[in-house]
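Here's the structure we're looking at; comments come further down.
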Amino acid sequence: MLPDCTGPWDMISGTFPLLEWFSVEGSEASESGGGRIDLTAAPKLAGLRIEMLPIGMDLRVPWEQLRTFEDSDSYASYEPLFVRLSRCRDLEELTIIADKAFFEDTPPPFTYTLPNLRKLDVSATLDEDFPCGILSALTAPRLESLAVTYWTEEQLQDFITETIKLLKRSSVPTLTSLDLSGPPAVAFSDDRMRVFLRDIPKLTSFTATGTFDKDFFDLLIEPKSEGLREFKFLPHLTELTLHAAEESNDAGIMDLLWARSLRPTTPRQNRLKSIEIWYVDKAWYDDDRVVLDERSQLVIACKGGELCYSSWCPFVL
Numbered sequence: 000m001l002p003d004c005t006g007p008w009d010m011i012s013g014t015f016p017l018l019e020w021f022s023v024e025g026s027e028a029s030e031s032g033g034g035r036i037d038l039t040a041a042p043k044l045a046g047l048r049i050e051m052l053p054i055g056m057d058l059r060v061p062w063e064q065l066r067t068f069e070d071s072d073s074y075a076s077y078e079p080l081f082v083r084l085s086r087c088r089d090l091e092e093l094t095i096i097a098d099k100a101f102f103e104d105t106p107p108p109f110t111y112t113l114p115n116l117r118k119l120d121v122s123a124t125l126d127e128d129f130p131c132g133i134l135s136a137l138t139a140p141r142l143e144s145l146a147v148t149y150w151t152e153e154q155l156q157d158f159i160t161e162t163i164k165l166l167k168r169s170s171v172p173t174l175t176s177l178d179l180s181g182p183p184a185v186a187f188s189d190d191r192m193r194v195f196l197r198d199i200p201k202l203t204s205f206t207a208t209g210t211f212d213k214d215f216f217d218l219l220i221e222p223k224s225e226g227l228r229e230f231k232f233l234p235h236l237t238e239l240t241l242h243a244a245e246e247s248n249d250a251g252i253m254d255l256l257w258a259r260s261l262r263p264t265t266p267r268q269n270r271l272k273s274i275e276i277w278y279v280d281k282a283w284y285d286d287d288r289v290v291l292d293e294r295s296q297l298v299i300a301c302k303g304g305e306l307c308y309s310s311w312c313p314f315v316l
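See below:
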């Protein structure tokens with residue numbers, strides 16, 4: 000059993016035959032002070048979480064064993080991050096939270112391959128550029144799930160641009176889950192979104208927060224004969240959740256319901272099994288950029304073969 004160190008950092012070292020997960024949680028009060036953590040004799044260690052590692056801390060970890068890595072350290076450059084990642088050859092899940100990082104240098108001129116990475120989650124800093132180097136320096140041929148937290152339209156567009164390159168570089172045919180999380184005021188209407196959707200045809204689960212105008216729904220849905228609809232670029236989509244600003248296009252939302260009601264018209268098309276549409280308040284954070292409690296209203300909720308709830312009107316599809 001490892002001690003819960005809440006005071007000055009000292010030394011943790013020894014043999015830990017049953018240790019599977021370890022978390023280092025520093026704070027601004029513990030930015031320096033040295034110390035050492037040596038977990039090289041932990042044969043079952045598979046998960047690591049780092050939050051603001053104190054300056055001077057000597058962290059020794061069997062990186063090659065890790066399957067899950069959550070990193071929110073206070074980086075000043077990309078190099079130390081990729082020094083760590085380059086040793087995580089069997090990593091399957093990676094979370095990078097950049098709210099304490101300030102990447103001042105340019106991304107590495109070469110890429111690092113994580114051959115077994117299946118899940119990637121990147122969170123941007125509120126008042127900084129999107130950490131594009133995290134995506135531009137990675138190759139992940141088995142990536143299945145991708146999530147991002149952004150604060151501005153510029154950050155979202157940077158994410159889309161670099162992700163398109165990542166997917167092409169990795170030749171990823173298997174991305175099945177996408178979660179785009181940010182303020183409801185961020186608009187979803189750009190040509191790059193069209194390219195993005197075309198590059199992820201295997202997607203089965205899509206979650207997004209923003210203001211969805213007619214252009215977005217025109218990208219997502221294609222009219223068919225007799226007033227029917229189907230998904231234009233995402234024929235395998237089975238789960239859809241939108242947290243929409245109230246300024247979003249109502250007609251597009253209703254088109255989603257028509258698309259959901261369709262049974263597959265081609266062998267490659269699945270029926271949408273679950274859809275949720277939430278209206279959220281645009282006042283997602285206050286003038287001091289403090290995130291407010293989520294204020295949202297469930298507008299539509301449908302499950303395959305069940306009653307479709309709507310605050311507009313209940314009906315069955």
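For the sequence shown, numbering that gives the first Met the number 0 begins at 0 and goes up steadily by one. Think of the CB as a built atom: it goes at the ideal place given N, C-alpha and C, for glycine as much as any other residue.
Membership of residue 133 in the alpha helix (DSSP H) is indicated by the continuous run 131-135. DSSP assignment within the segment 212-242 yields the following whole beta strand (DSSP E) runs of 3 residues or more, N-terminal first: 220-222, 228-230.
Annotation for residue 186: 152, 209, 210, 212 place their beta carbon closer than 7 Å to its own, counting only its chain and skipping 5 residues before and after.
Listed as beta-bridge partners of residue 210 by DSSP are 186. In this structure, the straight-line span from the alpha carbon of residue 180 to that of residue 148 is close to 5 Å.
Looking from the CA of residue 113, the closest CA among 65, 130, 71, 199 belongs to 65. Between residue 70 and residue 39 the beta-carbon gap is near 19 Å, outside 8 Å, which marks them as no contact. Assigned with DSSP and collapsed to three states, residue 147 falls in strand. Between residue 21 and residue 47, the CB-CB gap stays under 8 Å.
According to DSSP, residue 21 shares a beta bridge with 47. Sixteen is the threshold: since fewer than 16 other Cβ atoms of the shown chains lie within 10 Å of the Cβ of residue 12, the residue is exposed. Where residue 167 is concerned, the enclosing alpha helix (DSSP H) starts and stops at 152-169. In the DSSP secondary-structure assignment, residue 59 is bridged to 37.
In the DSSP assignment, residue 84 falls outside any beta strand (DSSP E) and within the unbroken alpha helix (DSSP H) covering 78-84. Per DSSP, the unbroken beta strand (DSSP E) holding residue 273 starts and ends at 273-279. Of the other Cβ atoms in all chains shown, 16 or more fall within 10 Å of the Cβ of residue 192; this residue is therefore buried. Annotated as proximal: residue 254 and residue 228, with beta-carbon spacing under 8 Å. Bounds of the beta strand (DSSP E) holding residue 94 are 92-96. Residue 43 and residue 18 have their C-alpha atoms some 6 Å from each other. Residue 244 carries a strand assignment under DSSP once its states are collapsed to helix, strand and coil. Here the alpha carbon of residue 61 sits roughly 14 Å from the alpha carbon of residue 35. In the structure shown, residue 178 falls within a strand segment according to DSSP collapsed to helix, strand and coil. Inter-residue distance for residue 245 and residue 67 is about 37 Å (C-alpha atoms, whole angstroms).
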